[in-house]
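Engineer:
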Amino acid sequence: MKSNGRQLPVLLIPIIIMIIAAIASAVIHTARTEQYSTWQPTEGIFLEAKKLRKGHNYKYTFSYTVDGQSYTGSNTYGRSSGETRPNTGDVITVWYDPQNPSSSSYHKPNADLDSAAPFFFAIPLSIAILIGTHNRRKDDGLNRNYTYREIKKTAG
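Numbering (my numbering), first residue to last: 724 to 879.
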């Protein structure tokens, strides 16, 4: 395939976008890991699992106490078919932020999904650019009605 000067920079754009997404992902992962490193476990009580409208998602609600102050927290989770959930009244481990005890999680928090966020934007954007570039090249070349003089000029 013949490459022209304009095509190469356009094809580099998705690569640059993915590099930026990777850097952003690393920064987010580092920041979230640092943020969650201070979270502490405490005993809590499982209050309810409310099934949400779509799919296998549940909103888990729980209560816990930190330094004599009671809190109620909730998280939304996807549940796989083999996974069991606690029953109402079960004692569970709740993770909370000591700097802000009202921030809590049913599971120990981590940065996994947060650090993937840049790719949720970068991948579709890169694909759209590649498709747009491909369609533009196709329209510029294959669908254009060249005159005999233009063909002769480019051929020789």
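We put the beta carbon where it would ideally sit given N, CA and C, even for glycine.
What span of residues does the beta strand (DSSP E) with Lys-773 cover, start to end?
Structural biologist: Its beta strand (DSSP E) spans residues 763 to 774.
Engineer: Would Gly-801 be called buried (16 or more neighbouring beta carbons within 10 Å of its own) or exposed?
Structural biologist: Classification for Gly-801: exposed.
Engineer: Three-state secondary structure (DSSP) at Gln-822?
Structural biologist: Of the three classes helix, strand and coil, the one that applies to Gln-822 here is coil, per DSSP.
Engineer: Residues in the same chain with beta-carbon distance under 6 Å from Ala-772, minus the five sequence neighbours each way, listed in chain order, please.
Structural biologist: Same-chain partners within the cutoff: Tyr-781, Tyr-783 and Arg-808.
Engineer: Which of the three DSSP states, helix, strand or coil, is assigned to Gly-812?
Structural biologist: Reduced to three states, the DSSP call for Gly-812 is coil.
Engineer: Between the Cα of Ser-826 and the Cα atoms of His-752, Thr-788 and Ile-850, which residue gives the shortest distance?
Structural biologist: Nearest of His-752, Thr-788 and Ile-850 to Ser-826, Cα basis: Thr-788.
Engineer: Do Leu-770 and Thr-890 come within 8 Å of each other at the CB atom, strictly closer than that value?
Structural biologist: This structure gives no information on residue 890, because the portion of the chain shown stretches from 724 to 879.
Engineer: Going by the CB atoms, is the gap between Ser-838 and Ile-751 shorter than 8 Å?
Structural biologist: Result yes, Cβ atoms of Ile-751 and Ser-838 sit closer than 8 Å.
Engineer: Identify the continuous beta strand (DSSP E) that holds Thr-788 and give its terminal residues.
Structural biologist: 780 to 789 is the extent of the beta strand (DSSP E) around Thr-788.
Engineer: Distance check for Ile-740 and Ala-845, CA to CA, integer angstroms please.
Structural biologist: Distance between the alpha carbons of Ala-845 and Ile-740 is about 6 Å.
Engineer: Measuring alpha carbon to alpha carbon, tell me which of Leu-836, Ser-786 and Asp-835 ends up nearest Asp-813.
Structural biologist: Answer by Cα proximity: Ser-786.
Engineer: If we count the other Cβ atoms within 10 Å of its Cβ and call it buried at 16 or more, is Gly-767 buried or exposed?
Structural biologist: Gly-767 comes out buried.
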